[in-house]
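Colleague:
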Amino acid sequence: MFKPLLTGLAVVFAFAAVSAQARTSYILPYNFAPTDAYVTAQAATSENVFTPEGALKIDAFQLIDSSGVVTTAKGVTFKEVTLFESALPHEGTFRLTTGNREMRTMQMMQVDGQWRPVRGPGGPGGPGGQGKPAEGVAQTPAQTPAQPGPQTEAKTEAKAQAPSQAIPADAKTVTVKSMMRADSYISYKKPSDTLPPAEGKGLEIVPVTHPSRLFSGNAFDFIVTFDGQPLSGVTYKVSRGGDQYADSSYAFSADSAAGGKGEVVFQTPGIYVIEMSRKWLDGDMSDPRNWSYSLTVEVAP
């Protein structure tokens, strides 16, 4: 249905309205098919997938089994990565997830029919604005203040002197939240015949092909959903871990078809991440939230 493209340059896929090269938030299990009754995983953000550059500061992760039973795992956060480990209560397939997390907020105003970020207090970089992480969520390296120095001090002084942007009296304003979710699947000893149920909230990939039965040359079929309903026309992009060391890198993108159907044919073994996003202006205007989602899968030979 869709064909992947191979390029000679490393490719990083970005999903941010204000950055040409945003970081990917992901979960990476250390073993997708554990034979012992525990799982260890990392959660981070990165421009080169699976090379952590900023921790996802999340204190609790979830493992969901095929019956929908939830096990909570506590995370330990370092500067560049968060690690978590959990016992597996029984054999079968589990979804590892961050759940839907609020990452930051941004105040927007509508002027002449166009939505624009508000500069100054409440706007980007200001209190309550873009660049302010939600409580308990990671401050990515892009948001971490630089070490003091001549250039940093000059920029700080210039920013302090910059006046706040006046909001026209007739302008509409709204506070937009950025939501993130990262998922992955593991199978302890034997994959379950039934997959863990989807949450049905926000942006998700609902697998049709079992994520623990992915092999090179075969298709991975799935449904893109939003609030539990199939969503067509969403661009999903795929990148492969370790490509910064490869002679050629994997690049693939496509749009979800009618009924939210998506498909990826992995030609080579490896660990891949599928990413997608949805802006609030593309959905319900009364729900001002931007959404990003990632799914990490392992493809066997």
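Its first residue numbered 8, the sequence shown is counted upward by one per residue in my numbering.
Heads up, the beta-carbon is just placed ideally off N, CA and C, and yes, glycines get one too.
Remember, predicted model here, so these are calculated numbers, not experimental data.
For a minimum of 3 consecutive residues, which ranges assigned as the beta strand (DSSP E) are wholly contained in the region 207-269?
Modeller: Runs of the beta strand (DSSP E) inside the region 207-269: 210-214, 226-233, 242-247, 256-262.
Colleague: Take E60 as the anchor and find which of K208, Y33, S260, A205 has the nearest alpha-carbon.
Modeller: Of the candidates K208, Y33, S260, A205, the one whose C-alpha sits nearest the C-alpha of E60 is Y33.
Colleague: Going by DSSP, what residues sit across from H77 in a beta bridge?
Modeller: Checking the sequence, you will find Val at residue 77 rather than His. According to DSSP, which records beta bridges pairwise, V77 is partnered with I71.
Colleague: Closer than 6 Å by C-beta to M187: which residues in its own chain qualify, once you throw out the five before and the five after it? Chain order, please.
Modeller: Excluding positions up to five away in sequence, the list reads S32, R108, M110, S299.
Colleague: Please classify K197 as buried or exposed, where buried requires at least 16 other C-beta atoms within 10 Å of its C-beta.
Modeller: Counting Cβ neighbours within 10 Å, K197 comes out exposed, since fewer than 16 surround it.
Colleague: Where does L63 sit, in a helix, a strand or coil, going by DSSP?
Modeller: In the structure shown, L63 sits in coil (DSSP, three-state: anything other than H, G, I, E or B).
Colleague: Roughly how many whole angstroms lie between the Cα atoms of P124 and T182?
Modeller: Spanning the two alpha carbons is a distance of roughly 10 Å.
Colleague: Could you spell out the range, first to last residue, of the beta strand (DSSP E) harbouring Q274?
Modeller: Note, Q274: premise wrong, no beta strand (DSSP E); not H, not E.
Colleague: Do the region 233-250 and the region 202-215 meet, that is, are 3 or more Cβ pairs less than 8 Å apart?
Modeller: At 8 Å Cβ cutoff, the stretches touch.
Colleague: Of the residues D177, K81, A205, which one's Cα is nearest the Cα of D119?
Modeller: With distances taken between Cα atoms, D119 lies closest to D177.
Colleague: Take the Cβ of S219 as the centre, count every other Cβ of all protein chains shown within 10 Å, and call the residue buried at 16 or more, exposed below.
Modeller: Its Cβ being crowded by 16 or more others within 10 Å, S219 is buried.
Colleague: With C-beta atoms as the reference, is A62 less than 7 Å away from F85?
Modeller: Yes. Within cutoff.
Colleague: Could you pull the DSSP bridge partners for W298 from this structure?
Modeller: According to DSSP, W298 bridges with M186, R285.
Colleague: State yes or no: is the C-beta of Q69 within less than 7 Å of the C-beta of G99?
Modeller: Contact flag unset, no.
Colleague: Do R102 and D43 have their C-beta atoms closer together than 7 Å?
Modeller: The answer is no: Cβ separation not under 7 Å.
Colleague: Over what stretch of residues does the beta strand (DSSP E) that includes V46 continue unbroken?
Modeller: 45-53 is the span of the beta strand (DSSP E), which, as asked, contains V46.
Colleague: Rounded to whole angstroms, what is the Cα-Cα separation between A40 and I174?
Modeller: If I take the Cα positions, the gap works out to 54 Å.
Colleague: Assuming contact is defined by CB atoms lying nearer than 7 Å, are G240 and D254 in contact in what I supplied?
Modeller: No, these two residues do not count as a Cβ contact at 7 Å.
Colleague: For A67, collect the residues of the same chain with a Cβ closer than 8 Å to its Cβ; drop the 5 residues on either side in sequence, then sort them by chain order.
Modeller: Closer than 8 Å at the Cβ level, and outside the excluded window around A67, lie T79, A80, K81, G82.
Colleague: Can you tell which of S53, Y37, H97, I65 has the C-alpha that lies nearest to the C-alpha of Y195?
Modeller: Nearest of S53, Y37, H97, I65 to Y195, Cα basis: H97.
Colleague: Is the separation between the beta-carbon of P308 and that of I193 shorter than 7 Å?
Modeller: Not in contact: P308 and I193 (Cβ atoms no closer than 7 Å).
Colleague: Between H217 and S73, what straight-line distance do the alpha-carbon atoms span, to the nearest angstrom?
Modeller: Taking the straight line from one Cα to the other gives about 12 Å.
Colleague: Using CA atoms only, rank isn't needed, just tell me which of G277, A265, M283, S260 is closest to V314.
Modeller: Not covered by the structure: residue 314. The range shown for the chain is 8 to 308.
Colleague: Give me, in chain order, the residues of the same chain whose beta-carbon lies closer than 6 Å to that of V88; leave out the 5 immediate sequence neighbours on both sides.
Modeller: Around V88: Q49, A51, P59, A62.
Colleague: Contact check, F273 vs L221 under 8 Å by CB: the rounded distance?
Modeller: Correct: roughly 7 Å between the Cβ atoms.
Colleague: Would Q114 be called buried (16 or more neighbouring beta carbons within 10 Å of its own) or exposed?
Modeller: By the neighbour-count rule (16 or more Cβ atoms within 10 Å), Q114 is buried.
Colleague: In or out: Q137 buried (at least 16 other Cβ within 10 Å) or exposed?
Modeller: Caution is warranted here: a pLDDT of 40 is assigned to Q137, below 50, making its placement in the model unreliable, and the coordinate value is therefore given only provisionally. The residue is buried, with at least 16 neighbouring Cβ atoms inside 10 Å.
Colleague: Ignore the nearest five residues each way along the sequence and tell me which others in A205's own chain have a CB closer than 8 Å to its CB.
Modeller: Taken in chain order, the residues that qualify are E211, V213, T232, G235.
Colleague: Can you tell me whether Y243 is buried or exposed, with buried defined as 16 or more other CB within 10 angstroms of its CB?
Modeller: Y243 is buried by the Cβ-count criterion.
Colleague: Is the separation between the beta-carbon of L95 and that of Y45 shorter than 7 Å?
Modeller: In this structure, Y45 lies closer than 7 Å to L95 by Cβ.
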